[in-house]
Amino acid sequence: MTDIAVTLADKRGTLPTDDKLGFGKIFTDHMFVMDYASDKGWHDARIIPYGDFNISPAAMVLHYGQAIFEGMKAFRTEDNRVVMYRPVDHLNRFNNSADILSIPQMDVDVVHTALKKLIELDKHWVPKALGTSLYIRPFVISVDPYVGVKVASQYTLFIILSPVGAYYASGFKPVKIKVEDHYVRAVKGGLGEAKTAANYAASLKAGEVAKKDGYTQVLWLDALEQKYIEEVGTMNIFFKIDDEIITPELNGSILNGMTRRSVLAVAKDWGMKATERRISIEEVYEAHANGHLQEVFGSGTAAVISPVGELCWKGKKISINNGAIGETSHKLFDYITSLQQGRVADKFGWVEEVTKL
Ligand SMILES: *Cc1c(COP(=O)(O)O)cnc(C)c1O
474 MTDIAVTLAD KRGTLPTDDK LGFGKIFTDH MFVMDYASDK GWHDARIIPY
524 GDFNISPAAM VLHYGQAIFE GMKAFRTEDN RVVMYRPVDH LNRFNNSADI
574 LSIPQMDVDV VHTALKKLIE LDKHWVPKAL GTSLYIRPFV ISVDPYVGVK
624 VASQYTLFII LSPVGAYYAS GFKPVKIKVE DHYVRAVKGG LGEAKTAANY
674 AASLKAGEVA KKDGYTQVLW LDALEQKYIE EVGTMNIFFK IDDEIITPEL
724 NGSILNGMTR RSVLAVAKDW GMKATERRIS IEEVYEAHAN GHLQEVFGSG
774 TAAVISPVGE LCWKGKKISI NNGAIGETSH KLFDYITSLQ QGRVADKFGW
824 VEEVTKL
């Protein structure tokens with residue numbers, strides 16, 4: 474096992490009160506860093522004080538965008554333990570993103586060990602209130618100082634930690650989503666299955682247009698025919714039709730969401746029919762017209778479950794469940810958040826204890 478050198482911060486910060494947390498603006502005292510060079514492999518694993526770092530203006534990531542990331546969470550339980558949710562599954566997905574972007578594979582054990590060590594060191598930054606968490610952001614960038622196009626030969630991996638407030642600070646509320654019929658996010662054979670910066674860059678314009686029209690996010694359709702449903706871009710999507718929950722199958726252009734996986738497993742465990750298959754936007758609108766569409770909800774690490782109250786496709790608006798939160802959306806949200814915070818028994822083996830406070 475690689476040794477992880479630790480340089481402690483001179484001064485430790487303090488965790489702000491819950492109402493000041495927000496999302497992704499506050500960072501803990503330390504970060505994990507590891508370098509890659511083609512002749513050395515991944516090396517120099519270290520925990521250092523959180524802070525700015527130097528790269529060359531020619532660093533390849535700034536020009537060609539070879540960058541991947543993960544997003545996962547740690548929680549403080551009622552009995553003051555710090556736990557992480559499905560960390561190894563997240564790190565395996567990180568390696569899948571690395572593969573898609575031609576970034577060298579990481580040793581999951583090394584990164585997992587480093588992450589536990591980092592959280593242990595910054596454990597007083599894990600907030601306690603219901604719904605709050607420590608957001609974990611691992612990422613890799615290419616850093617060769619070179620403005621020619623090639624697969625890079627030098628990379629840096631970082632893990633930074635950010636205490637975040639409750640996503641639904643003002644209550645668990647349905648969102649309005651625009652079904653995107655002009656822009657596309659990702660195409661089969663492209664980067665859609667990777668958690669990479671480029672997919673977000675590709676989604677910003679459509680998001681901006683949708684926000685002007687009063688929608689929180691867009692629901693992407695397939696890039697070839699704009700017919701089949703893909704995902705929301707920060708969330709996967711589920712439809713409850715005739716008591717069955719349906720989510721688009723993984724087809725290479727959709728992210729294999731961890732919350733998506735959790736939802737499918739939990740719903741099946743409850744004896745519900747949970748199906749991954751191709752589903753068109755027309756089918757969803759038809760199900761609504763015939764009174765069979767019961768619920769629509771998104772799934773992702775940040776919100777966990779995000780009920781959808783309205784869809785708008787080519788100017789046609791439909792109200793889902795009269796804009797109210799559906800029963801299954803609510804049950805899934807309560808169950809998964811309780812599991813993550815150690816309030817219900819972890820029968821799936823998804824929760825890993827990091828340390829005690
Ligand atoms: C991260 C992400 C999701 C949600 O995945 P989770 O693992 O559940 O957080 C969905 N779509 C895209 C494009 C994402 O980057």
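Number 830 marks the last residue of the sequence shown (the working numbering); no jumps.
Even glycine gets a Cβ: it sits at the ideal position worked out from N, Cα and C.
Distance cutoff 8 Å, beta carbons only. Does residue i sit that close to anything in chain D?
| i | result |
| --- | --- |
| Gly544 | Chain labels in this structure do not include chain D; a single protein chain is all it has. |
Count the other C-beta atoms from every protein chain shown that fall within 10 angstroms of the C-beta of residue i, then say buried if there are 16 or more, exposed otherwise.
| i | result |
| --- | --- |
| Ser811 | exposed |
| Pro618 | exposed |
| Gly638 | buried |
| Gly543 | A quick correction: the sequence has Glu, not Gly, at residue 543. By the neighbour-count rule (16 or more Cβ atoms within 10 Å), Glu543 is buried. |
| Trp743 | exposed |
| His503 | buried |
| Gln578 | exposed |
| Val769 | buried |
| Thr501 | buried |
| Ser735 | buried |
| His833 | Any answer about residue 833 is impossible in this case: the structure gives the chain only from 474 up to 830. |
| Pro721 | buried |
| Ser575 | exposed |
| Lys623 | exposed |
| Pro522 | exposed |
| Phe526 | exposed |
| Lys649 | buried |
| Gly788 | exposed |
| Leu784 | buried |
| Leu694 | buried |
| Asp715 | exposed |
| Gly680 | buried |
| Asp552 | exposed |
| Gly730 | buried |
| Leu481 | exposed |
| Val555 | buried |
| Gly665 | buried |
| Val479 | exposed |
So, under 8 Å CB-CB, residue i and residue j are touching, yes? Tell me the CB distance rounded to an integer number of Å.
| i | j | result |
| --- | --- | --- |
| Val660 | Leu697 | 7 Å |
| Pro560 | Glu755 | Contact doesn't hold; Cβ gap of about 39 Å is too wide. |
| Ala518 | Val583 | 6 Å |
| Ala602 | Ser615 | Not a contact, Cβ separation roughly 38 Å. |
| Arg733 | Asn709 | 4 Å |
| Ile632 | Pro611 | 5 Å |
| Tyr640 | Gln813 | Not a contact, Cβ separation roughly 12 Å. |
| Ile541 | Ala571 | 6 Å |
| Val599 | Arg549 | 4 Å |
| Ile791 | His761 | 5 Å |
| Ser726 | Glu703 | 6 Å |
| Thr586 | Asp508 | Not a contact, Cβ separation roughly 17 Å. |
| Phe711 | Ser772 | 6 Å |
key: ligand 1 site residues, beta-carbon cut 6 Å against heavy atoms   = Those residues that have a beta carbon less than 6 Å away from any non-hydrogen atom of ligand 1 are, in order along the chain, Gly544, Lys668, Asn672, Glu704, Gly706, Thr707, Met708, Asn709, Leu728, Gly730, Met731, Thr732, Arg733, Ser772, Gly773, Thr774.
request  = Decide if the stretch 529-549 is in contact with the stretch 482-499; the criterion is three or more beta carbon pairs, one per stretch, under 8 Å apart.
outcome  = As far as the Cβ criterion goes, the stretch 529-549 does not touch the stretch 482-499, which means the pair count is below three.
message = Under 8 Å: do the stretch 656-675 and the stretch 777-791 share three or more Cβ pairs, one atom per stretch?
response = Contact fails: fewer than three Cβ-Cβ distances are below 8 Å.
request  = Give a yes or no on contact between the stretch 814-825 and the stretch 788-796, applying the rule of three or more CB pairs nearer than 8 Å.
outcome  = At 8 Å Cβ cutoff, the stretches do not touch.
inquiry  = Count Cβ pairs between the stretch 633-647 and the stretch 678-691 that sit closer than 8 Å; are there 3 or more?
reply    = At 8 Å Cβ cutoff, the stretches do not touch.
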